[in-house]
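J.: Once you've had a glance at the structure underneath, I'll fire off some questions.
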Amino acid sequence: MFWLLAILAYLLGSLSFAILLSRLTGNPDPRMSGSGNAGATNMLRLAGKKLAILTLLGDLCKGLLPVLIAGVAGLSLQDQAWIGVSAVIGHLFPLYFRFRGGKGVATAAGMLLGLYPPAALLAVCTWLLTFYLTRTSSLAALIATPLTLPLLAWQEPAALLPMSTLTGLIVWRHRGNLRDLFAGRERHF
3 MFWLLAILAY LLGSLSFAIL LSRLTGNPDP RMSGSGNAGA TNMLRLAGKK LAILTLLGDL
63 CKGLLPVLIA GVAGLSLQDQ AWIGVSAVIG HLFPLYFRFR GGKGVATAAG MLLGLYPPAA
123 LLAVCTWLLT FYLTRTSSLA ALIATPLTLP LLAWQEPAAL LPMSTLTGLI VWRHRGNLRD
183 LFAGRERHF
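Here our numbering is used: position 155 in the sequence shown is 157, and no number is missing along the way.
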């Protein structure tokens with residue numbers, strides 16, 4: 003059951019709502035415009051609030067649904083977390099879009115929501131506060147994601163290894179943003 007759900011989570015994660023919505027509405031491929039990222043933040047830049055919100059909701063749900071299904075199937079919390087990681091990997095490297103996807107933040111938030119809602123709430127509040135203070139989405143993600151690890155270590159240690167792996171992937175996907183942040187040229191809203 004674990005491997006079947008992990009594969010299905012990857013395939014679901016590979017559905018890029020930013021790319022699909024752009025194609026449906028005649029907007030440019032988000033991987034070719036703006037920041038080059040297939041995610042909600044770039045959709046906000048390129049296509050406006052409505053499509054950005056739809057992208058965000060789609061990306062959240064594709065992280066949330068596999069975790070909920072794994073929970074209903076009776077899998078352990080750690081297995082649920084690894085299945086959530088599979089969905090995020092699908093978002094990062096989508097099978098249907100030449101393995102060029104987004105950065106995984108919204109999908110990871112959906113995964114966290116399914117695993118341990120207080121960690122998701124902490125991540126969202128941290129992201130919102132950081133974004134409010136800095137107007138920089140990448141910095142908000144780079145602060146919010148690792149901040150969930152101590153809470154998980156304390157409350158849900160079974161999810162710590164998968165979430166640590168996921169945090170590493172998200173930081174790695176933001177490596178260009180990190181370079182731009184340190185050089186003072188990162189995009190702000």
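Every residue, glycine too, gets a C-beta built ideally from N, C-alpha and C.
1. Once the 5 residues before and after Val-107 are set aside, which same chain residues still bring their CB inside 6 Å of it?
2. Less than 8 Å separating the beta-carbons of Leu-23 and Leu-53?
3. Between which two residues does the alpha helix (DSSP H) carrying Ser-140 extend?
4. For a quick check, are the C-beta atoms of Asn-44 and Pro-32 less than 8 Å apart?
5. Tell me the rounded alpha-carbon separation between Ala-161 and Gly-86.
6. If you draw a straight line from the alpha carbon of Thr-167 to that of Ala-75, how long is it in whole angstroms?
7. Which value, in whole angstroms, describes the spacing of the CA atoms of Ala-83 and Phe-99?
8. Taking Gly-170 as part of the alpha helix (DSSP H), name the residues at either end of that continuous run.
9. Go ahead and pull the three-state DSSP assignment for Pro-32.
10. Cβ atoms of Pro-120 and Leu-151: under 8 Å apart, would you say?
11. Under 7 Å Cβ to Cβ from Val-69, same chain only, skipping five residues before and after it: list those, please.
12. Near Ser-88, what residues of its chain come up, given a Cβ to Cβ distance below 6 Å and the 5 sequence neighbours on each side ignored?
13. With DSSP collapsed to three states, give me the class of Met-3.
14. In this structure, how does DSSP classify Tyr-118 when only helix, strand and coil are distinguished?
T.: By the coordinates alone:
1. Stepping through the sequence shown from its first residue, residue 107 is reached at position 105. These residues qualify, in order along the chain: Ala-143.
2. Counting from one through the sequence shown, the residue named residue 23 turns up at place 21. Counting from one through the sequence shown, the residue named residue 53 turns up at place 51. Yes, the pair counts as a contact, with Cβ atoms nearer than the cut-off.
3. Walking along the sequence shown from the start, residue 140 turns up at place 138. Unbroken alpha helix (DSSP H) run through Ser-140: 139-157.
4. As a first step, residue 44 is located in the sequence shown; it is residue number 42 there, counting from the start. As a first step, residue 32 is located in the sequence shown; it is residue number 30 there, counting from the start. Contact flag set, yes.
5. If you number the sequence shown from 1, residue 161 lands on position 159. If you number the sequence shown from 1, residue 86 lands on position 84. Distance between the alpha carbons of Ala-161 and Gly-86 is about 10 Å.
6. Start at 1 with the first residue of the sequence shown, and residue 167 comes out as number 165. Start at 1 with the first residue of the sequence shown, and residue 75 comes out as number 73. C-alpha separation (whole angstroms): 23 Å.
7. Here residue 83 refers to the residue found at position 81 of the sequence shown. Here residue 99 refers to the residue found at position 97 of the sequence shown. About 24 Å.
8. Here residue 170 refers to the residue found at position 168 when the sequence shown is read from its first residue. Note, Gly-170: alpha helix (DSSP H), 162-175.
9. The residue given as residue 32 occupies position 30 in the sequence shown. Pro-32 falls in the coil class under three-state DSSP.
10. Taking the first residue of the sequence shown as position 1, residue 151 is located at position 149. Taking the first residue of the sequence shown as position 1, residue 120 is located at position 118. Taking 8 Å as the Cβ cut-off, Leu-151 and Pro-120 do not qualify as a contacting pair.
11. On the sequence shown, position 67 is the one that residue 69 refers to. Gln-82, Ile-85, Gly-86, Met-113, Gly-116, Leu-117.
12. Reading the sequence shown from its first residue, position 86 is the one you call residue 88. If we look at Ser-88 and ignore the five residues flanking it on each side, its Cβ neighbours are Ala-8, Ala-11, Tyr-12.
13. Start at 1 with the first residue of the sequence shown, and residue 3 comes out as number 1. Note: Met-3 maps to coil in three-state DSSP.
14. Taking the first residue of the sequence shown as position 1, residue 118 is located at position 116. Three-state result, Tyr-118: coil.
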